[in-house]
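What follows is a single structure, written as structure tokens, with notes after it.
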Amino acid sequence: EDLKSQGVTFEVCKITLRNRKLEEKQFIPEVVYTPSGVQRITQLQSREG
36 EDLKSQGVTF EVCKITLRNR KLEEKQFIPE VVYTPSGVQR ITQLQSREG
């Protein structure tokens with residue numbers, strides 16, 4: 036909760052979820068699911084300059 040109040044988001048890669056046979060219900064409700072973790076990291080890095 037403290038990190039969330041500071042604007043931190045928790046993102047989980049759906050590809051990793053599938054490959055490791057994990058389910059969304061295993062994670063905290065605040066998690067945001069992203070289709071590709073690599074793509075998301077690239078997106079965030081390019082945004083930071």
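Each residue of the sequence shown is one higher than the one before, counting from 36 in this note's numbering. The C-beta atom is built at its ideal place from N, Cα and C for all residues, glycine as well.
Residue closest to residue i, alpha-carbon to alpha-carbon, out of the options
| i | options | result |
| --- | --- | --- |
| Val-47 | Ile-76, Gln-41, Asp-37 and Glu-83 | Ile-76 |
| Leu-38 | Arg-53, Lys-60 and Val-66 | Val-66 |
| Lys-49 | Glu-59, Glu-83 and Leu-79 | Glu-59 |
| Phe-62 | Leu-52, Gln-74 and Gln-78 | Leu-52 |
| Lys-54 | Phe-45, Pro-70 and Val-43 | With the sequence shown as reference, residue 54 is identified as Asn, and Lys is not the correct amino acid for it. It is Pro-70. |
Bridge partners - residue i, DSSP secondary structure assignment
| i | result |
| --- | --- |
| Glu-46 | Val-67 |
Residue i - DSSP class collapsed to helix/strand/coil
| i | result |
| --- | --- |
| Gln-41 | coil |
| Lys-60 | helix |
| Arg-55 | coil |
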